[in-house]
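*Asks:* Line order of the protein sequences matches chains A and B. Quick note, in my numbering, the first sequence goes up one by one and the last residue is 1618. Quick note, in my numbering, the second sequence goes up one by one and the last residue is 1618. Quick one: structure below, then a few questions.
2 protein chains.
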Amino acid sequence: MYNKLTNEIVEELKKIVGTNNVIYDDPDALEAYSHDEVAEKHYAHMPEAVVKPSSAEEIARIMKLANKYKIPITPRGAGSGLSGGAVPVYGGIVLSVERMNRILEIDKENLVVVVEPGVVTNEINNAVKEYGLFYAGYPMSVETCYIGGNVAENAGGGRAVKYGVTGRYVIGLEVVTPTGDIVHLGGKVMKDVTGYDLIHLMVGSEGTLGIFTKIYLKLMPLPQAKVDLLVLFHDMDTAIKVVPKIMTFGRIIPTSIEFMDDLSFKAACKYLNEKIPFEEAGAMLLIELDGNNKTELEEQYEIIGNLCMENGAIEVYVADNATTSERIWRIRRNIAEAWKQFSPHQSLEDVVVPISEIPTFLKKIREISNKYRVPIPCYGHAGDGNIHATPIKPPELSMEEWHEKLEKLLEEMYVVVKELGGVISGEHGIGHKRKKYLPLVLEPAHIEMMRAIKKALDPDLILNPGKII
Amino acid sequence: MYNKLTNEIVEELKKIVGTNNVIYDDPDALEAYSHDEVAEKHYAHMPEAVVKPSSAEEIARIMKLANKYKIPITPRGAGSGLSGGAVPVYGGIVLSVERMNRILEIDKENLVVVVEPGVVTNEINNAVKEYGLFYAGYPMSVETCYIGGNVAENAGGGRAVKYGVTGRYVIGLEVVTPTGDIVHLGGKVMKDVTGYDLIHLMVGSEGTLGIFTKIYLKLMPLPQAKVDLLVLFHDMDTAIKVVPKIMTFGRIIPTSIEFMDDLSFKAACKYLNEKIPFEEAGAMLLIELDGNNKTELEEQYEIIGNLCMENGAIEVYVADNATTSERIWRIRRNIAEAWKQFSPHQSLEDVVVPISEIPTFLKKIREISNKYRVPIPCYGHAGDGNIHATPIKPPELSMEEWHEKLEKLLEEMYVVVKELGGVISGEHGIGHKRKKYLPLVLEPAHIEMMRAIKKALDPDLILNPGKII
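Take a look at the structure:
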């Protein structure tokens, strides 16, 4: 189906991007581009070459070359993905945007920042905060991930309850199409119905429909104050039932409502040697509020604290300074790390269910966990029903037994998700890792529509093949 | 290319939807379905038949029939569109969703309402407000338009500065595809990256990629207080420069920032016999704030009022009760009506430019207005750069002269928009009316992508042909 790279083609690539920006015939250097953050080795695949272009024009030429010779191209950001999206499963060329890392413009009048895809997401906020502005996208890997990858995956993260996910802020894109055209979609415009919404078809397309070379992001006024609440409950059912009460009776939309089950926070608290009296708790909520008015924020956390206590909370801890706040968030962020002490192999899932179904889902997960004898700590974003249910390999299982077991376990988990009206990925994407499960949860006509769109825009399936469909 | 309806096909349609729900061979009854709110008669076209299905299953059967006999299908909501999107330009069948007008579910736990496409948008808020909830989509025609049409056009309206446009709230769709499959996208899920974002490809596709049969909308807590400010300025330049100051120095995101030039508000004030001392003003801003805390709102409008006065405003009027508020909004809403007294023919445009380019755009529009000797009042949504520049037919011109002149004038206007980094439609859509101008403002490869997607999902171009591309 695809051709192999030849020395001639590599020479052509060198002419386009410069000799120093092509890696070829160097297995050690290529290895780093063979995987993302999915730990399991069998999802990795070696590229034949890596190219590091510096402009849309270079990428367009590479795409035309790839179409001519039928070589697959896999675009890559920081490689911090969690679904194998940047893995070159059919070999060919990995196109890394690492050199395209400039913040091109901060437009204070229009509240827009224009960036290249290789900018580290955190740097955007570092750059715009001196103007009293902020970019609201906030994946948990904000210190390493690239904005290009965030857009490709439509990254979610911790602030989505109030601010939505990455896509809400993408108002313009310069894109190189799979056939090598450079197309400009949207721009510094806050509304646009001039034809189909190709921007949001591109957002979340996991590098299969286009390569972003310029990204226009909407900015907002930087909130001046924030506060975090850590709320302990006896059980998850009680904890989750508070969430819609905050949103309706309390009329407050928090920035984050994170939850952790006991398997999650007990591991993290022990790992961090954290002194919070967590032993009698069965669930925790971590609620963040932001705003411009400290008094109003205090009123809001009073309301939320009271709502929690009236509805079965054991205790509410308030963190209104950076030190205490960091102490609380460390618990949430260190769950995966804590479990790695127990076993390095885990399958970090990111299913989404309707918020009201979280307790049922967690009950079913406990059943699945017992059935397969696999620990499955659950934590994540309660405010939007996005759950990191994370099967952990028991140390006594061989890798082969683990893979076999995991496959069945995930299938069962995904069927539960589907039955509860949910979806199997809320922020990490389908990629390579979840592709085989898609027919389990989507209707054939739905998958057929995606396939038809892919084929329409990339007739020879050159761009990131082997992903999603 | 398309076939004509026959009596046999009409009989089959009657079997699907019932005899009473097919209009055929009745020009008077069909005429109502030959146009939308675009006044110009030459954009109208008679359908051969109208069908009024009551379910997704019936629509799927109609689509399969239409594919079999190659008859075009044009879906229709309330017919309140402003780009001819519901006009059956190739004849065939108009599919009206008027009977599918049920609110199917108000889910208070998940903050979701599930509706059929024929629900009047305003009814959604009437239904959910008793639960302290609200749907933030707010087209100006909220009392007549259908939610199905809002989704098809990705309707904008007055609240988009704070709340975004319709698409932000669409989290699930049941869609009948152009080939007659029923597909379920998303649902009561707040995040979803399980495959391509087909929901937002459908949103704004103007009835060309699918017919929505169920719409899942995200709800929010109902704000408890609101206030409106009417601010008078000597000129538009000064008025517009306040907008980013509010967003950054003031750190306030208003619900609305509407603007009116003197041609607009003077016509409306005279028409309404409004006593506001508007004579020395050259521009007005109408700023709406909402929130849950009256004290905070007062602080915010103080800040905004002061910012306006420090930056050249003549006067700030505060409306913090429903009566005064309605008096202010009536001015904004009656501009089009006021100008109809002068001349019934106007071309209501909805271009978008970067906010900072509004003054330049308005200057260029005055030049175009002088050149063509056509009044072009400008008003609209300053907070998102969405401008209703509205060429008005001078009474002395014949209709023929007017059409000829308007075509050239619009071309010139759209080129200006393009040069300023804008787009030609922010909320009304391309439809039938602006189709011919698309090559003027979009790159050929961009149009080609849209055409490829349309062809991929609707190979025989059965669904709403003659629109967009």
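Beta carbons are placed, not taken as given, at the ideal position from N, Cα and C, and that holds for glycine.
Compute the Euclidean distance between the alpha carbons of Lys1582 (chain B) and His1552 (chain B), then round it to the nearest angstrom.
*Replies:* 12 Å
*Asks:* Contact defined as beta carbons within less than 8 Å: I believe Glu1186 (chain A) pairs with Ser1229 (chain A). What is the distance between those atoms, to the nearest angstrom?
*Replies:* 5 Å
*Asks:* Which residue marks the beginning of the beta strand (DSSP E) containing Leu1378 (chain A), and which one marks its end?
*Replies:* 1374–1382
*Asks:* Shorter than 8 Å from the beta carbon of Arg1317 (chain B) to some beta carbon of chain A?
*Replies:* So yes, Arg1317 (chain B) belongs to the interface.
*Asks:* What's the call for His1191 (chain A), buried or exposed, on a 16-neighbour Cβ count within 10 Å?
*Replies:* exposed
*Asks:* Cα separation between Ser1496 (chain A) and Lys1554 (chain A)?
*Replies:* 12 Å
*Asks:* Kindly list the residues whose CB is nearer than 7 Å to the CB of Leu1347 (chain B), restricted to its own chain and excluding five residues on each side of it in sequence; keep chain order.
*Replies:* The beta carbon of Leu1347 (chain B) lies closer than 7 Å to those of Leu1334 in the same chain, with the five residues before and after it left out.
*Asks:* Just how far apart, CA to CA, sit Arg1251 (chain B) and Val1268 (chain B)?
*Replies:* 6 Å
*Asks:* What would DSSP say about Asn1441 (chain A), mapped onto helix, strand or coil?
*Replies:* DSSP places Asn1441 (chain A) in the coil class of the three-state scheme, outside both helix and strand.
*Asks:* Less than 8 Å between C-beta atoms, sequence neighbours within five positions excluded: which residues of the same chain meet that for Ile1477 (chain A)?
*Replies:* Asp1377, Leu1379, Leu1435, Tyr1466, Ala1468
*Asks:* Are Val1325 (chain B) and Ile1364 (chain B) close, meaning C-beta to C-beta below 8 Å?
*Replies:* no
*Asks:* Are the C-beta atoms of Asp1346 (chain A) and some chain B residue less than 8 Å apart?
*Replies:* yes
*Asks:* Could you please tell me which residues of the segment 1569–1585 of chain B, in chain order, have their CB closer than 9 Å to any CB of chain A?
*Replies:* Gly1570, Gly1571, Val1572, Ile1573, Ser1574, Gly1575, Glu1576, His1577, Gly1578, Ile1579, Arg1583
*Asks:* By the 10 Å Cβ neighbour count, where 16 or more other Cβ atoms means buried, how is Arg1210 (chain B) classified, buried or exposed?
*Replies:* buried
*Asks:* Examine the Cβ distances between the segment 1444–1457 of chain B and the segment 1507–1516 of chain B and report whether three or more of them are shorter than 8 Å.
*Replies:* no
*Asks:* Closer than 8 Å is the cut-off here; do at least three beta carbon pairs connect the segment 1525–1535 of chain B with the segment 1584–1602 of chain B?
*Replies:* no
*Asks:* Just to confirm before moving on: does the CB-CB distance between Asp1384 (chain B) and Gly1431 (chain B) stay below 8 Å?
*Replies:* Yes, Cβ-Cβ distance for Asp1384 (chain B) and Gly1431 (chain B) is below 8 Å.
*Asks:* Counting only the same chain and skipping the five closest in sequence on each side, list residues whose C-beta sits under 6 Å from that of Ile1360 (chain B).
*Replies:* Ile1208, Pro1224, Val1325
*Asks:* Counting only Cβ pairs nearer than 8 Å, list the residues of chain A close to Leu1282 (chain B).
*Replies:* Simply Thr1397.
*Asks:* In terms of alpha-carbon separation, which member of B:Ala1215, B:Ile1242, B:Leu1350, B:Glu1206 lies closest to Val1199 (chain B)?
*Replies:* Out of B:Ala1215, B:Ile1242, B:Leu1350, B:Glu1206, B:Ile1242 has the C-alpha closest to the C-alpha of Val1199 (chain B).
*Asks:* Pull up the distance between the alpha-carbon of Ile1395 (chain B) and that of Pro1403 (chain B), whole angstroms please.
*Replies:* So the alpha carbons of these two residues sit roughly 8 Å apart.
*Asks:* If you draw a straight line from the C-alpha of Asp1607 (chain A) to the C-alpha of Leu1358 (chain A), how long is it?
*Replies:* Answer to the nearest angstrom: the Cα atoms are 7 Å apart.
*Asks:* Exposed or buried, what is Arg1522 (chain A) when buried is set at 16 or more other beta-carbons lying within 10 Å of its beta-carbon?
*Replies:* exposed
*Asks:* Could you tell me if the beta carbon of Ile1617 (chain A) falls within a distance shorter than 7 Å of some heavy atom in the ligand ZN?
*Replies:* Of the ligands one can find in the structure shown there are none, so the ligand ZN has no counterpart to examine.
*Asks:* Using the rule of at least 16 other Cβ atoms within 10 Å of the residue's Cβ for burial, across every protein chain shown, is Met1619 (chain A) buried or exposed?
*Replies:* There is simply no residue 1619 (chain A) to check, as chain A begins at 1150 and stops at 1618 in what is shown.
*Asks:* Under three-state DSSP, which class holds Met1458 (chain B)?
*Replies:* If DSSP states are grouped into helix, strand and coil, Met1458 (chain B) belongs with the helices.
*Asks:* Report buried or exposed for Lys1512 (chain B), applying the criterion of at least 16 other Cβ atoms within 10 angstroms of its Cβ.
*Replies:* exposed
*Asks:* Comparing the C-beta of Gly1353 (chain B) with each C-beta of chain A, is any distance below 8 Å?
*Replies:* It does: the Cβ of Gly1353 (chain B) has a partner Cβ on chain A nearer than 8 Å.
*Asks:* Have a look at Val1236 (chain A) and Leu1162 (chain B) and give me their C-alpha separation to the nearest angstrom.
*Replies:* Cα-Cα distance, rounded: 51 Å.
*Asks:* Measuring only between beta-carbons, confirm whether Lys1257 (chain A) sits less than 8 Å from chain B.
*Replies:* yes
*Asks:* Taking buried to mean at least 16 other C-beta atoms within 10 Å of its own C-beta, is Asn1624 (chain B) buried or exposed?
*Replies:* In the structure as shown, chain B begins at 1150 and stops at 1618. Residue 1624 (chain B) is therefore absent and cannot be evaluated.
*Asks:* Rounded to a whole number of angstroms, what is the C-alpha to C-alpha distance between Thr1444 (chain A) and Gln1373 (chain A)?
*Replies:* 12 Å
*Asks:* In its own chain, which residues sit with a C-beta less than 6 Å from the C-beta of Pro1196 (chain B), not counting the 5 before and 5 after it?
*Replies:* Here the set comprises Leu1179, Tyr1182, Pro1237, Val1243.
*Asks:* Going by C-alpha distance, which of B:Gln1490, B:Asp1386, B:Glu1407 is nearest Lys1419 (chain B)?
*Replies:* Closest option to Lys1419 (chain B), Cα to Cα, is B:Gln1490.
*Asks:* Are the CB atoms of Leu1371 (chain B) and Val1261 (chain B) within a distance shorter than 8 Å?
*Replies:* no
*Asks:* Just confirm the distance between the C-beta atoms of Thr1387 (chain B) and Asn1460 (chain B), as a whole number of angstroms; I'd bet it's less than 8 Å.
*Replies:* Indeed, because the Cβ distance is near 7 Å, the residues count as touching under 8 Å.
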